[in-house]
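S.K.: Chains as they are written, first to last, in my numbering: chain R, 89 to 202; chain Z, 43 to 156.
From the three backbone atoms N, C-alpha and C, an ideal C-beta is built for every residue, glycine too.
Could you have a look at this structure, given as structure tokens, before my questions?
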Amino acid sequence: DAKTTQPNSMESNEEEPVHLPCNHSTISGTDYIHWYRQLPSQGPEYVIHGLTSNVNNRMASLAIAEDRKSSTLILHRATLRDAAVYYCILRAVDSGGGADGLTFGKGTHLIIQP
Amino acid sequence: DTGVSQNPRHKITKRGQNVTFRCDPISEHNRLYWYRQTLGQGPEFLTYFQNEAQLEKSRLLSDRFSAERPKGSFSTLEIQRTEQGDSAMYLCASSLLGSSLGYTFGSGTRLTVV
């Protein structure tokens, strides 16, 4: 998997939007951008993914740069329950039977202040 | 189906002993993954199965580690002759081949080798 770069930590206030950046300058044309988050004492949780276009779901939005070398996870209104480590991961298109192990970095530790 | 289930949640063992962990994936998921996570680090990929076939193994999976998924349903991860360096959280995840969604992780088994 190609490598991603994220800030070690970010801090935000409750009920404000949060923009979590991720750089992936070596992304290939067949790599999806996935985001997971991990709350304390839990396994990672899938948040969102995209290929080229911006994506929205009930948890977050994903904004992908036009050249796909960076992306931003957007939490529209952070709550205390959003405090977690957020991982940005590249995952190759699944061709069936090939390599499918995700490469997690250290992620961004998001701190939410009340 | 309540998600990916891992047992036990915690295991303390003496160095040199063998341990076995179990993972029950989401029933319709045909892929199952094992990861290891140490404190302050992101999860590290160990191995994955598609149905009962083990399709990928990481270099982290030493000869003392073995994983099985005999009937394509639950999986076991065994560590023989445990060492203190094996102390970590062992995470299991499952997914459905062809689905655009991400993995579903369990809550993990925390292993402490004393």
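Going along the chain, which unbroken runs of the alpha helix (DSSP H) with 4 or more residues stay wholly within the segment 97–139 of chain R?
M.R.: none
S.K.: Quick check on this structure: which residue in VAL155/Z, ILE68/Z, TYR75/Z has the alpha carbon closest to the alpha carbon of SER129/Z?
M.R.: VAL155/Z
S.K.: Assuming contact is defined by CB atoms lying nearer than 9 Å, are VAL46/Z and ALA135/Z in contact in what I supplied?
M.R.: yes
S.K.: In terms of alpha-carbon separation, which member of LYS194/R, LEU139/R, TYR174/R, ASP155/R lies closest to LEU163/R?
M.R.: Ranking the options by Cα distance to LEU163/R, first place goes to TYR174/R.
S.K.: Along chain Z, in chain order, which residues have C-beta atoms closer than 7 Å to that of LEU190/R?
M.R.: PHE87
S.K.: Report the option in ILE199/R, PRO132/R, TRP123/R whose CA atom is closest to the CA atom of CYS204/R.
M.R.: Any answer about residue 204/R is impossible in this case: the structure gives chain R only from 89 up to 202.
S.K.: Closest by CA to ARG146/R, which one among ALA166/R, ASP155/R, PRO128/R, ALA172/R?
M.R.: ALA166/R
S.K.: With H, G and I counted as helix, E and B as strand and the rest as coil, what does DSSP make of LEU168/R?
M.R.: helix
S.K.: Can you list the residues of chain Z that TYR174/R reaches, using a CB-CB cut of under 7 Å?
M.R.: Chain Z residues near TYR174/R: none, gap ~11 Å exceeds 7 Å.
S.K.: With a cut-off of 9 Å, does the C-beta of LEU81/Z fall near any C-beta of chain R?
M.R.: no
S.K.: With the cut-off set at 9 Å, would you say ILE115/R and GLY138/R are in Cβ contact?
M.R.: no
S.K.: Quick one: is GLU120/Z near chain R, going by C-beta distance under 9 Å?
M.R.: False, the Cβ-Cβ gap to chain R never drops below 9 Å.
S.K.: Check for me: the beta strand (DSSP E) holding ILE68/Z runs from which residue to which?
M.R.: Segment: none, ILE68/Z is in no beta strand (DSSP E) and carries neither H nor E.
S.K.: Would you mind reading off the limits of the beta strand (DSSP E) that contains GLN79/Z?
M.R.: Where GLN79/Z is concerned, the enclosing beta strand (DSSP E) starts and stops at 73–79.
S.K.: Give the DSSP bridge partners of ARG152/Z, in chain order.
M.R.: HIS52/Z, MET131/Z
S.K.: Any beta-carbon of chain R closer than 9 Å to the one on THR146/Z?
M.R.: yes
S.K.: Drop a sphere of 10 angstroms on the beta-carbon of HIS112/R, count the other beta-carbons inside from all chains shown, and report buried for 16 or more, exposed for fewer.
M.R.: buried
S.K.: Taking beta-carbon pairs under 9 Å, can you tell me which members of the segment 129–160 of chain R lie near chain Z?
M.R.: SER129, GLN130, GLY131, PRO132, GLU133, TYR134, VAL135, ILE136, HIS137
S.K.: Less than 9 Å separating the beta-carbons of SER100/R and VAL106/R?
M.R.: yes
S.K.: List the residues of chain R whose Cβ lies closer than 7 Å to the Cβ of GLY150/Z, in chain order.
M.R.: GLY131
S.K.: So, does the segment 113–125 of chain Z touch the segment 84–102 of chain Z, judging by three or more C-beta pairs under 8 Å?
M.R.: yes
S.K.: Applying a beta-carbon distance threshold of less than 8 Å, which residues of chain Z neighbour LYS194/R?
M.R.: GLY82, GLN83, GLY84
S.K.: Can you check whether the CB of THR118/Z is closer than 9 Å to the CB of ARG64/Z?
M.R.: yes
S.K.: Work out the CA separation of GLY58/Z and THR118/R for me, nearest whole Å.
M.R.: C-alpha separation (whole angstroms): 44 Å.
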